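The sequence shown maps to residues 1288 to 1650 in the numbering used here.
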Amino acid sequence: MGKRFAIIVGTRPEIIKMAPVIRECERRKVDYRLVHSGQHYDHAMDRAIFEQFQLPDPHVNLRVGSGRHGEVTARILERFEAYILQEDIRAVLVHGDTNTTLAGALAAAKLNLPIGHVEAGLRSFDRTMPEEVNRVLADHVATHLFAPTPAAVDNLRAEGIKNGVYLTGQTAADAIEFLRPGLAEHPILNELHLKPGAYVYLTLHRQENTDHRERMDFLIQGIERVGKELGFTIVCALHPRTRGRLIEYGWLDRFYGIPGMRVVFPPVDVFASLALQSQAAVVLTDSGGLQEEACMLGVPCVTLRENTERPETLAIGSNRLAGYHPDTIVEAVSMMARAPRGWTHPYGDGRASIRILDIFLAE
Ligand code: UD1
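Below, the structure is given as structure tokens:
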């Protein structure tokens, strides 16, 4: 493609997983525009990632900020469409399943532009998750679907998407290879006085969990019992949404007071997050990205959800679904802490970004 294209990102996971693609664009000196929607704006969730991956500044930041889903999506749609027209953009690359992804893909679809969707084909089959709606819709307007695993290819085929599907590997593998040197020596491990294998690394931010008081109550009970009954220190990188809900429910002190709890707020940057994962006994999370990252780092994961769009991790035994009941959480952490770690991860050879650009630019 000799024509100018745009890459749109907006949230922490998109910036991390598009970083290798952006670096490859810079290396090849292609004519592209990097657009930041502004959905995430806190330092650790935005600027720090650009610095750690040595990314160029975005050409534009649409500064949409936070808000209701429809509101944020609509703001991006409107501002991105104007930018596409103003900059004579002829194709668009989006990533993943956020509101930025959907708005970016939709703006391009309305203008009949080719759309590449990186991390296409993931499915939790749970339409109550905003991410599931976003990824399904993005896949159905995309012209180039870059699937990270064979299971993702199968999901697309099952929905009747036959053309433009490419198995590329997961760009998160490229990103981890870039940051892997130095993970074990990261200063955060000393700063928090952590012994490898003696702590559980916790993240919790999904709306389905944080926005249900009863479910949060169960989750907190489960986390308390992991500390008490299994003797682990718990290191929690607290997401701003989760902190907000804990304050609303009057449970912030309860959460900080969990025996063995060390809360890190504002949340850590990606390098520190990977370092904390890499030395943990178990990663305990409701994040999709962390299920993959833990798998690639060779660390067992327990997922605080009843479903996952990363079934490959369950199949190879690197991950276990615990739901949100305290009993199942304790049981899963106890089992996974003792599980063998020798799996081979299914996310490719760390060259997904090269393949994606080869295909997208060949048109
Ligand atoms: C979004 C993505 C989710 C991704 C997650 C990673 C959607 C639908 N969801 O969820 O897939 O896993 O990012 O973090 O797009 N906030 C801040 N500072 C920020 C960003 C957010 O304080 O820099 C707070 C705001 O109060 C905001 C809330 O977090 O309302 C939620 O942010 P939002 O981007 O809507 O959703 P996430 O839960 O971060």
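Glycine included, C-beta positions come from ideal geometry on N, C-alpha and C.
As the structure is a prediction and not an experimental result, all values here were calculated from the model.
- DSSP, read as helix, strand or coil, puts T1387 in helix.
- Taking C-beta atoms as the reference points, Y1453 and L1424 fail to come closer than 8 Å.
- Sequence-distant Cβ neighbours of R1642 in its own chain, meaning closer than 6 Å and more than five residues away, are T1455.
- Approximately 7 Å separates the beta-carbon atoms of I1521 and Y1486; this is inside 8 Å, confirming the contact.
- If you draw a 10 Å sphere on the C-beta of K1304, you find 16 or more other C-beta atoms in it, and that means buried.
- Comparing alpha carbon positions, the residue from A1438, Y1328, N1386 and E1419 closest to G1635 is A1438.
- For E1418, the shortest C-beta to heavy atom distance toward the ligand UD1 is below 7 Å.
- Looking at the DSSP output, H1480 shares a beta bridge with no other residue.
- Here the alpha carbons of D1384 and E1313 stand approximately 24 Å from one another.
- Note: N1348 is bridge-paired with H1323 in the DSSP secondary-structure output.
- 8 Å or more divides the Cβ of R1541 from the Cβ of T1497.
- Within 7 Å of the C-beta of H1382 there is not a single heavy atom belonging to the ligand UD1.
- For M1416, no beta strand (DSSP E) run applies, since DSSP gives it neither H nor E.
- In this structure, the C-beta of Y1328 approaches the ligand UD1 to less than 7 Å from one of its heavy atoms.
- One thing to note: I1371 has its Cβ no nearer than 8 Å to the Cβ of L1342.
- Within the region 1473-1533, the runs of beta strand (DSSP E) at least 3 residues long that lie entirely inside it are, in chain order, 1486-1490 and 1520-1524.
- Between the alpha carbons of E1501 and G1537 lies a distance of about 13 Å.
- A check of alpha carbon separations from M1332 across A1626, L1398, Q1566 and V1555 identifies V1555 as the nearest.
- Below 8 Å, too few C-beta pairs join the region 1318-1332 and the region 1475-1483 to call them touching: fewer than three.
- Minimum Cα-Cα distance from G1354 among the listed residues Y1328, Q1373, D1504 and E1374 corresponds to Y1328.
- Judged by their CB atoms, R1512 and D1573 are not nearer to each other than the 8 Å cut-off.
- Pairing A1392 with H1404 gives a Cβ-Cβ distance under 8 Å.
- Between the alpha carbons of P1613 and Q1508 lies a gap of roughly 6 Å.
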